[in-house]
Amino acid sequence: MSVFRSDLNLAVQDATGTGAEADVALNLTTGNIRLSILWTQEMELSPEDAEEVAQALQRAASESRNMASTSKPETAPGTQNSPGT
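Laid out in structure tokens, this is it:
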């Protein structure tokens, strides 16, 4: 099983017809986001596809932030040290 979860809503292929695909995946262990261009080193995107990739990256970033905030241990009220103490 992979630690990466791809955005299944992303379906983007190269605008020139090479068959290259973009993939945005979230690393479920680290929260890092992987942007892959499959089958080639580069690809051209239509404006609509570029927006779709950008939205997939934003979804992954949001989910990564949510993972980070839920994994932080909560501090009990009144136990935080104030600066200089």
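Remember, our numbering sits 70 above the position in the sequence shown when you count from 1. Glycine residues also receive a C-beta, built at the ideal position from the N, C-alpha and C atoms.
- For L127, the enclosing alpha helix (DSSP H) starts and ends at P117 to S141.
- As a beta-bridge residue in DSSP terms, L105 pairs with V94.
- A distance below 7 Å separates the beta carbons of V94 and A126.
- Sequence-distant Cβ neighbours of E114 in its own chain, meaning closer than 8 Å and more than five residues away, are D84, A85 and T86.
- Note: Q111 is not bridge-paired with any residue in the DSSP secondary-structure output.
- At a Cβ-Cβ threshold of 7 Å, A92 and I107 count as neighbours.
- Shown here for E133: same chain residues with a beta carbon closer than 8 Å to its own, the five before and five after excluded, namely L96 in chain order.
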